[in-house]
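**Q**
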Amino acid sequence: MVSTSRFNYAILGIATMWSVLIFILYSNSSASCSAETERLKMAVDRKDRFLELLRDQNDELKGKVSKLQDELQKYEAEKSAQENLYRIKRGYRTTEPNRK
1101 MVSTSRFNYA ILGIATMWSV LIFILYSNSS ASCSAETERL KMAVDRKDRF LELLRDQNDE
1161 LKGKVSKLQD ELQKYEAEKS AQENLYRIKR GYRTTEPNRK
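For the sequence shown, the positions run 1101 to 1200 when my numbering is used.
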């Protein structure tokens, strides 16, 4: 009977040690998972802010491009009008090329 009691205490001690070991490992992995989760959340926030900045810059550049396209169209129309006026003053036809 004495040996079974010691055997039971040995099993209880081993089970307790395994429980403590598993708890420590779980606590460490849980803490590292929490830290990794926080780090990933911060990375996602930084990425979102960066994408927002890129969208803003893209919108600004689209606005500038459209302004430049409008100015180019005005310039081309003005240049065409000046060329036509020059041709009219010189006596050239504006619709058909000169044929002799």
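Cβ atoms here follow ideal geometry from the backbone N, Cα and C, with glycine treated the same way.
Remember, predicted model here, so these are calculated numbers, not experimental data.
Going straight from the alpha carbon of residue 1174 to that of residue 1167, what length do you get?
**A** In the sequence shown, the residue the question calls residue 1174 occupies position 74. In the sequence shown, the residue the question calls residue 1167 occupies position 67. Spanning the two alpha carbons is a distance of roughly 11 Å.
**Q** Going straight from the alpha carbon of residue 1112 to that of residue 1125, what length do you get?
**A** To locate residue 1112, count along the sequence shown from 1; it is residue 12. To locate residue 1125, count along the sequence shown from 1; it is residue 25. Each residue's Cα considered, the two are about 20 Å apart.
**Q** Going by DSSP in three states, residue 1191 sits in which element: helix, strand or coil?
**A** Along the sequence shown, one-based indexing puts residue 1191 at 91. If DSSP states are grouped into helix, strand and coil, residue 1191 belongs with coil.
**Q** Below 8 Å CB to CB, which residues in the same chain sit around residue 1122 once its five sequence neighbours on both sides are set aside?
**A** Residue numbering aside, residue 1122 sits at position 22 when the sequence shown is read from its first letter. None.
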